[in-house]
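Novice:
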Amino acid sequence: MPDTAALDAVILDYNGVIGLQPTRSQWLRLAHTASWPEDDLTGFQRVFWSAREPYDAGQLSDMAYWTKVLGAHPGPRLLRELRAVDTDMWNATDDRVLDVLHRAHQTGLPMVLLSNAPHYLSDVLDTTDWCRHLITRALYSARLEICKPAPDAYRHALAATGFSDPQRVLFIDDRADNCHAARRLGLRALHYTGRPEALEAALLHTTG
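Position 167 of the sequence shown, counted from 1, bears residue number 167 in full-length UniProt numbering, the numbering being contiguous throughout.
#1: Can you tell me the Cα-Cα spacing of Y55 and Y120, whole angstroms?
#2: The beta strand (DSSP E) that contains Y192, what's its start and end?
#3: Please classify S50 as buried or exposed, where buried requires at least 16 neighbouring CB atoms within 10 angstroms.
#4: With a cut-off of 8 angstroms on the beta carbons, I'd call G16 and T93 a contact; round off their distance for me.
#5: Thinking C-alpha only, which one of T127, V100, V85, P118 is nearest L12?
#6: Could you pull out every residue in the same chain whose Cβ sits closer than 6 angstroms to the Cβ of L114, ignoring the five residues on either side in sequence?
#7: Once you ignore the five residues that flank F171 on each side, which residues in its own chain have a CB closer than 6 angstroms to its CB?
#8: What's the C-alpha gap between C179 and L185?
#9: Looking at C-beta atoms only, is the number of pairs between the segment 79–90 and the segment 117–134 that lie closer than 8 angstroms three or more?
#10: DSSP three-state call for D86: helix, strand or coil?
#11: Taking the alpha carbon of P196 as the point to measure from, which residue in Q167, L70, H133, R96 has its own alpha carbon closest?
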């Protein structure tokens, strides 16, 4: 848990904090779209993630990524379907988290989004009400061409807050390794484990 000193700004992860993790049915829908064997969801997820970092970092196009996943060129129609179903998996948000963020926003706390996300998903997230109303700046790995936990991702996010002292900026992520990387650069960090009350304590009692 971060200390109780005042915050200048917060840097937020998306998936696993604001965004809900995909359900099994959503994974199955994507695997079905990819014509993957129904009894091998684990195998599909393994291949899905194996090429995801360069895709998130903007190093692979949609076509190049899905060709790696499928082992064959998907064709333009299937590519559109895969991209749409994939993007839809990551769109559900946690209302409990958004409630805390809305209350923190009312205090004037600047919020920067720092998400590992490919270009198409980044464009979709930018259009959401919560992003347009709550987020001061939204930074995505595909546009930065670098993924967390690379140090430069955090440096870009700190600069985007408009504040220079990392000790007065809180980074929140559901992955411990990303939090460790943030702390190594001097940022305060909260490893979010699905408890909105932890966000409330961190954001609503450390402002001012």
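The beta-carbon is built from N, C-alpha and C at its ideal position, and this holds for glycine as well.
Just so you know, these numbers come straight off a predicted model, no measurement behind them.
Specialist: Once the coordinates are examined:
#1: The residue labelled residue 55 in the question sits at position 55 within the sequence shown. The residue labelled residue 120 in the question sits at position 120 within the sequence shown. Y120 has its alpha-carbon roughly 11 angstroms from the corresponding atom of Y55.
#2: Residue mapping note: residue 192 aligns to position 192 of the sequence shown, counting from 1. Where Y192 is concerned, there is no enclosing beta strand (DSSP E), given that its DSSP letter is neither H nor E.
#3: Residue numbering aside, residue 50 sits at position 50 when the sequence shown is read from its first letter. With fewer than 16 Cβ atoms within 10 Å of its Cβ, S50 is classed as exposed.
#4: On the sequence shown, residue 16 is found 16 positions in, with the first residue counted as 1. On the sequence shown, residue 93 is found 93 positions in, with the first residue counted as 1. The beta-carbon distance between G16 and T93, rounded to whole angstroms, is 11 angstroms. This is too long to meet the 8 angstroms contact definition.
#5: Looking up residue 12 in the sequence shown gives position 12. If we check each option's Cα against that of L12, V100 comes out closest.
#6: Within the sequence shown, numbered from 1, the residue matching residue 114 stands at position 114. Cβ within range, chain order: I11, L139, A157.
#7: On the sequence shown, position 171 is the one that residue 171 refers to. These residues qualify, in order along the chain: I11, A182, L187, A189.
#8: The residue you call residue 179 lines up with position 179 of the sequence shown. The residue you call residue 185 lines up with position 185 of the sequence shown. In a straight line, the C-alpha of C179 is about 10 angstroms away from that of L185.
#9: In short, these stretches touch, since the Cβ pair count reaches three.
#10: Here residue 86 refers to the residue found at position 86 when the sequence shown is read from its first residue. Assigned with DSSP and collapsed to three states, D86 falls in helix.
#11: Taking the first residue of the sequence shown as position 1, residue 196 is located at position 196. The option with the nearest alpha carbon to P196 is R96.
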